[in-house]
Every structure is written in structure tokens, then in C-alpha cells.
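Novice:
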Amino acid sequence: MQHTLSILVDNSPGVLTRVSSLVARRGFNIESLAVGPTEDPTMSRITLVVEADEASIEQVTKQLHKLINVYKITDLTEEPSIDRELVLFKINADPTRRHEIIEIASVFRANVVDVGHASLTIEATGSGDKINAMEDLFRAYGIKEIARTGKIALSRGSAS
2 MQHTLSILVD
12 NSPGVLTRVS
22 SLVARRGFNI
32 ESLAVGPTED
42 PTMSRITLVV
52 EADEASIEQV
62 TKQLHKLINV
72 YKITDLTEEP
82 SIDRELVLFK
92 INADPTRRHE
102 IIEIASVFRA
112 NVVDVGHASL
122 TIEATGSGDK
132 INAMEDLFRA
142 YGIKEIARTG
152 KIALSRGSAS
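In the working numbering, the protein residues as written are 2 to 161.
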């Protein structure tokens with residue numbers, strides 16, 4: 002099962018390396034990793050997605066808590082949360098078919114951010130399922146490049 006962990010850490014050099022190394026040493030492949038400062042500039046939030054069973058994720062969480070720079074770990078997998086990803090698609094776009102690609106983008110509320118002689122670059126945000134659905138549709142036109150961020154997530158409502 003995929004688990005999404007939200008980890009609050011010091012915003013200092015080496016913390017991300019220690020967290021990701023601990024997870025990798027336990028034999029888990031990190032499916033997604035995103036990190037950035039929080040509302041407090043001395044803290045960062047790491048959003049980490051790993052494939053693990055309940056016992057394994059509990060063990061990793063306990064070991065992460067032992068790291069001196071880790072303050073709080075929340076497993077957002079089973080609790081109400083909001084998650085998003087950002088993606089850029091560079092798509093082959095013959096001038097005669099551009100309108101079709103733009104229509105698909107508009108259905109997904111995506112934006113055209115660059116127009117080239119033979120390509121369009123589309124920017125979209127949303128859930129992993131939404132991004133995957135767009136990718137499937139754009140494959141018919143030929144995808145030149147994809148740049149996809151990792152998942153970012155927060156718990157819903159007043160939960161912290």
C-alpha cells in the first residue's frame with residue numbers, strides 16, 4: 002500500500018539527506034518526494050510517498066522520530082487530506098491538431114504555457130489520477146517531454 006508521510010523538519014542542510022537515506026536503507030523505494038519551507042522559515046515540510054505495509058511504515062516512522070531534526074510525522078494515507086502534483090507536458094503539436102490538444106487541456110483546467118513551431122507545453126495541477134489521465138490522452142499526439150513534481154499534501158480542515 003502507498004503511504005503519504007508529511008514530515009516536519011528543521012530547514013537546514015543535510016536533513017533531507019538523512020531522512021531519505023534512512024528510508025532507502027530500510028529497502029523502500031521512494032515513489033515521490035517533495036520538500037519546501039513552511040509558514041515558519043526555520044522549518045521545512047517533506048512529503049514522502051513510499052510503498053509499504055502497516056508494520057513497516059510504523060517501524061520507519063519510529064526510526065524517523067529518532068532523528069534530531071524531525072519534529073512531527075503524519076501519515077496522511079488514512080486521514081482526510083488534500084494532495085496535488087504539478088506537471089509540464091511538452092507535446093508534439095502539428096498546427097492542424099493544436100486545437101484538439103488545447104481542448105483536452107481545457108477539460109482538465111490545464112494551461113498552455115508555451116507554443117513552439119512543432120510543440121505545445123501544457124501545465125496542470127491535480128491528483129495523481131488526473132495527471133495520469135491527461136498523460137494517457139496526450140500520448141496519442143506524442144509526448145516529447147514530461148516534468149512531474151512529487152506529491153504535496155496537507156491534512157484537511159483544522160487537523161494539524
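All C-beta atoms, glycine included, are put in the ideal place defined by N, C-alpha and C.
Can you tell me whether Met-135 is buried or exposed, with buried defined as 16 or more other CB within 10 angstroms of its CB?
Specialist: What you label residue 135 is simply residue 134 of the sequence shown in a count that begins at 1. When all chains shown are included, Met-135 counts as buried.
Novice: Please work out which residues of its chain come closer than 8 angstroms, Cβ to Cβ, to Val-51, disregarding the five sequence neighbours upstream and downstream, and give them in chain order.
Specialist: As a working note, residue 51 is residue 50 in the sequence shown. Here Val-51 has Gln-3, His-4, Leu-6, Val-24, Phe-29, Asn-30, Ile-31, Glu-32, Ile-58 and Val-61 as same chain residues with Cβ atoms under 8 angstroms from its own Cβ, once five neighbours each way along the sequence are excluded.
Novice: Hey, Leu-89 and Ala-141: beta-carbon distance below 9 angstroms or not?
Specialist: Here residue 89 refers to the residue found at position 88 when the sequence shown is read from its first residue. Here residue 141 refers to the residue found at position 140 when the sequence shown is read from its first residue. Contact flag unset, no.
Novice: Taking only runs of the beta strand (DSSP E) that begin and end inside the segment 13 to 42, which ones reach a length of at least 3 residues, in chain order?
Specialist: 31 to 38
Novice: Go to Thr-126, then tell me how far its beta strand (DSSP E) extends in each direction, as first and last residue.
Specialist: Position 125 of the sequence shown, counting from 1, holds the residue named residue 126. That run of the beta strand (DSSP E) goes 120 to 127.
Novice: Could you please give the first and the last residue of the uninterrupted beta strand (DSSP E) stretch that includes Glu-52?
Specialist: As a working mapping, residue 52 is identified with position 51 in the sequence shown. 44 to 52 is the span of the beta strand (DSSP E), which, as asked, contains Glu-52.
Novice: Restricting to Cα atoms, I'd like to know which of Arg-27, Arg-26 and Ser-45 is closest to Ala-35.
Specialist: Within the sequence shown, residue 35 is the residue found at index 34, counting from 1. Minimum Cα distance to Ala-35 is reached at Ser-45.
Novice: Looking at C-alpha atoms only, which residue of Asp-76, Glu-80, Leu-121 and Ala-125 is the closest neighbour of Thr-97?
Specialist: The residue you call residue 97 lines up with position 96 of the sequence shown. Closest option to Thr-97, Cα to Cα, is Leu-121.
Novice: How about Leu-77 and Ser-21: are their beta carbons less than 9 angstroms apart?
Specialist: As a first step, residue 77 must be located in the sequence shown, where it is residue number 76. As a first step, residue 21 must be located in the sequence shown, where it is residue number 20. In this structure, Ser-21 does not lie closer than 9 angstroms to Leu-77 by Cβ.
Novice: Are the Cβ atoms of Thr-39 and Asn-70 separated by less than 9 angstroms?
Specialist: The count along the sequence shown starts at 1 and reaches residue 39 at position 38. The count along the sequence shown starts at 1 and reaches residue 70 at position 69. Their beta carbons are not under 9 angstroms apart, which means Thr-39 does not touch Asn-70 by this criterion.
Novice: Lys-73 bridges to which residues according to DSSP?
Specialist: Counting from 1 along the sequence shown, the entry for residue 73 is found at position 72. Answer by DSSP bridge pairing, in chain order: Leu-9.
Novice: Just mark Lys-63 as buried or exposed, buried being the case when its beta carbon has 16 or more other beta carbons within 10 Å.
Specialist: Working through the sequence shown from its first residue, we reach residue 63 at position 62. Exposed, because fewer than 16 other Cβ atoms sit within 10 Å of the Cβ of Lys-63.
Novice: Apart from the five residues just before and just after Asp-95, which ones in its own chain have a Cβ nearer than 8 angstroms to its Cβ?
Specialist: Mapped onto the sequence shown, residue 95 falls at position 94. Answer for Asp-95: Ala-119, listed in chain order.
Novice: Does the beta-carbon of Lys-67 have 16 or more other beta-carbons within 10 angstroms, so that it is buried, or is it exposed?
Specialist: Here residue 67 refers to the residue found at position 66 when the sequence shown is read from its first residue. Exposed.
Novice: How big is the Cα-Cα spacing for Lys-91 and Asp-115?
Specialist: Position 90 of the sequence shown, counted from the first residue, corresponds to residue 91. Position 114 of the sequence shown, counted from the first residue, corresponds to residue 115. Straight-line Cα distance between these residues: approximately 9 angstroms.
Novice: Could you name the residues that DSSP lists as bridge partners for Glu-59?
Specialist: Within the sequence shown, the letter at position 58 stands for residue 59. Answer by DSSP bridge pairing: none, since Glu-59 is not bridged.
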